[in-house]
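> Before we start, here is the structure in question, set down as structure tokens.
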Ligand SMILES: [Zn+2]
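Residue numbers (the numbering used here): 1091 to 1507.
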């Protein structure tokens, strides 16, 4: 077992400490490696991070290390306590491989956290024969370090997005940085209220907030209010992705309502299984779906008329000049208002009301990576699906920062891949 010590000295060596010996644990399923202070080296106070005179020694603790060849690996160490004059107290020493709070070593936490970005937390725990809580702790450790050590500014453009994370109107507010060269999640907030979004601006401070040039959002009133209040100088853009999503929602409502009515009145159920035919863009349909869509479009139905209005609207995004986009938008809204399809009329009223913010999309088009909020939103949803089963706010918050925050990672003595 001498070789194990040699390897550890090579990749996980810390000044002031030595690996004494390695042996199998009592169950023969783990390897235990005893760590001792190097003779003559002083313990470091965990409060002021300076060497201090020794006081006593606590009982031996086990720090879980990265498993090896199917064996769990533990470092065994008896923490010393110091009588720190600077802090005026007896304090537990600081050890470089771990901290006071966690049973796992820092190297193992970083190792688990990296895997937890690729697998779900549950899978990570299963693969490495550890508990879900230890994976949670590992991610929390790495994310906390990352948030403390990240550089926030400068921020040129942000996108704010709401995302539902549980039944019953449980929403999160996500704020992304969407600069051309940096896209990352900046902030996760509980709820989607004025207060929660304001918190983001408290975190970044007035200095950074005043330099934001573009803000992308949907039409959610609390967001609009906070943006007016905190980013009055920025160009505020209603995002294409959010408008399309809203349009699809309206179309879906029309279809569901009409389908119910037809069933009630005993009519031929032509709308059955039509949901994706109508919601997907035509070019994304399979040959068979395309055939069924053509068939469906022959009927004089509200759903069909709403579908055609939605499809016609797509042309808006082909414009480059705000002026022509504006003319198109006005004409589209006029048509819709004559349509007698209430959910679509509601959209048209809302689009009219936010006309200028929509046209800002065309004013800023060349300066923003468009579609970026949509991409981030999809990634956030995938992250939430992976974390299925533990939808507490804290776990989701950590998972989202971990996968989308592009946070710096704690330094490591070695790349334990
Ligand atoms: Zn101290």
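All residues carry an ideal CB built from backbone N, CA and C; glycine is no exception.
Taking 8 Å as the line, does the beta carbon of residue 1137 fall inside it for any heavy atom of ligand 1?
Result yes, Cβ under 8 Å from ligand 1.
> Leaving out the 5 sequence neighbours to the left and right, which residues in its chain are closer than 7 Å to residue 1310 when beta-carbon positions are compared?
Closer than 7 Å at the Cβ level, and outside the excluded window around residue 1310, lie 1252 and 1282.
> Per DSSP, residue 1114 is paired with what?
Answer is 1121, bridged to residue 1114.
> Pair every Cβ in the segment 1261 to 1276 with every Cβ in the segment 1490 to 1498, then say whether three or more of these pairs are closer than 8 Å.
Cβ pair count under 8 Å is three or more, so yes.
> Residue 1254 bridges to which residues according to DSSP?
Per DSSP, 1261.
> Taking 8 Å as the cut-off, is the beta-carbon of residue 1299 closer than that to any non-hydrogen atom of ligand 1?
Incorrect: residue 1299 has no Cβ contact closer than 8 Å to ligand 1.
> Any heavy atom of ligand 1 closer than 8 Å to the CB of residue 1149?
No - ligand 1 has no heavy atom lying nearer than 8 Å to the Cβ of residue 1149.
> Any heavy atom of ligand 1 closer than 8 Å to the CB of residue 1171?
No, the beta carbon of residue 1171 sits no closer than 8 Å to any heavy atom of ligand 1.
> Which parts of the segment 1357 to 1421 are runs of the alpha helix (DSSP H), unbroken and 4 residues or longer, counting only runs that do not cross its ends?
Runs of the alpha helix (DSSP H) inside the segment 1357 to 1421: 1365 to 1369, 1377 to 1386 and 1392 to 1403.
> Please report the distance separating the alpha-carbon of residue 1339 from that of residue 1406.
Straight-line Cα distance between these residues: approximately 18 Å.
> Using CA atoms only, rank isn't needed, just tell me which of 1258, 1248 and 1270 is closest to residue 1264.
It is 1248 whose Cα lies nearest to the Cα of residue 1264.
> Whole angstroms is fine: what's the gap from residue 1120's alpha carbon to residue 1182's?
Distance between the alpha carbons of residue 1120 and residue 1182 is about 27 Å.
> Quickly, what does DSSP pair residue 1267 with across the bridge? List them, please.
Partner(s): 1248 and 1274.
> Would you say residue 1415 and residue 1452 are within 9 Å of each other, going by their C-beta atoms?
Yes, Cβ-Cβ distance for residue 1415 and residue 1452 is below 9 Å.
> Please say whether residue 1226 and residue 1211 have beta carbons closer to each other than 9 Å?
Closer than 9 Å, so yes.
> Once the 5 residues before and after residue 1198 are set aside, which same chain residues still bring their CB inside 6 Å of it?
The answer, listed in chain order, is 1154, 1155 and 1156.
> In angstroms, rounded to a whole number, what distance separates the CA positions of residue 1140 and residue 1179?
In a straight line, the C-alpha of residue 1140 is about 13 Å away from that of residue 1179.
> Measure the alpha-carbon distance for residue 1244 versus residue 1408 and round it to whole angstroms.
For residue 1244 and residue 1408, the distance between alpha carbons rounds to 31 Å.
> Report the option in 1362, 1454 and 1437 whose CA atom is closest to the CA atom of residue 1411.
When each option's Cα is compared against that of residue 1411, the closest is 1454.
> Residue 1364 to residue 1371, Cα distance in whole Å?
The straight-line gap from Cα to Cα measures roughly 13 Å.
> With respect to the alpha helix (DSSP H) encompassing residue 1173, which residues constitute its N-terminal and C-terminal limits?
That residue, residue 1173, is in no alpha helix (DSSP H); its beta strand (DSSP E) goes 1161 to 1174.
> Assuming residue 1232 and residue 1433 are in contact, meaning their beta carbons sit under 8 Å apart, how far apart are those beta carbons, in whole angstroms?
Contact doesn't hold; Cβ gap of about 45 Å is too wide.
> Is residue 1268 closer than 9 Å to residue 1458 when the C-beta atoms are compared?
Yes, they are a contact pair.
> Under the three-state reduction of DSSP, which class applies to residue 1497: helix, strand or coil?
Three-state result, residue 1497: coil.
> May I ask you to report which of helix, strand or coil DSSP gives residue 1302?
Correct three-state label for residue 1302: coil.
> Find out if the Cβ-Cβ distance for the pair residue 1189, residue 1144 is shorter than 9 Å.
Not in contact: residue 1189 and residue 1144 (Cβ atoms no closer than 9 Å).
> By a C-beta neighbour count over all protein chains shown, 10 Å radius and 16 as the cutoff for buried, is residue 1327 buried or exposed?
Its Cβ being crowded by 16 or more others within 10 Å, residue 1327 is buried.
> Quick check on this structure: which residue in 1332, 1114 and 1258 has the alpha carbon closest to the alpha carbon of residue 1465?
Closest by alpha carbon: 1332.
> How about residue 1113 and residue 1142: do their beta carbons lie closer than 9 Å?
No, the pair does not count as a contact, with Cβ atoms beyond the cut-off.
> Just reading off the beta strand (DSSP E) that residue 1149 is part of, what are its end residues?
Per DSSP, residue 1149 belongs to the beta strand (DSSP E) from 1144 to 1158.
> Output the distance between the C-alpha atoms of residue 1128 and residue 1185, rounded to the nearest integer angstrom.
Residue 1128 and residue 1185: Cα-Cα distance of roughly 13 Å.
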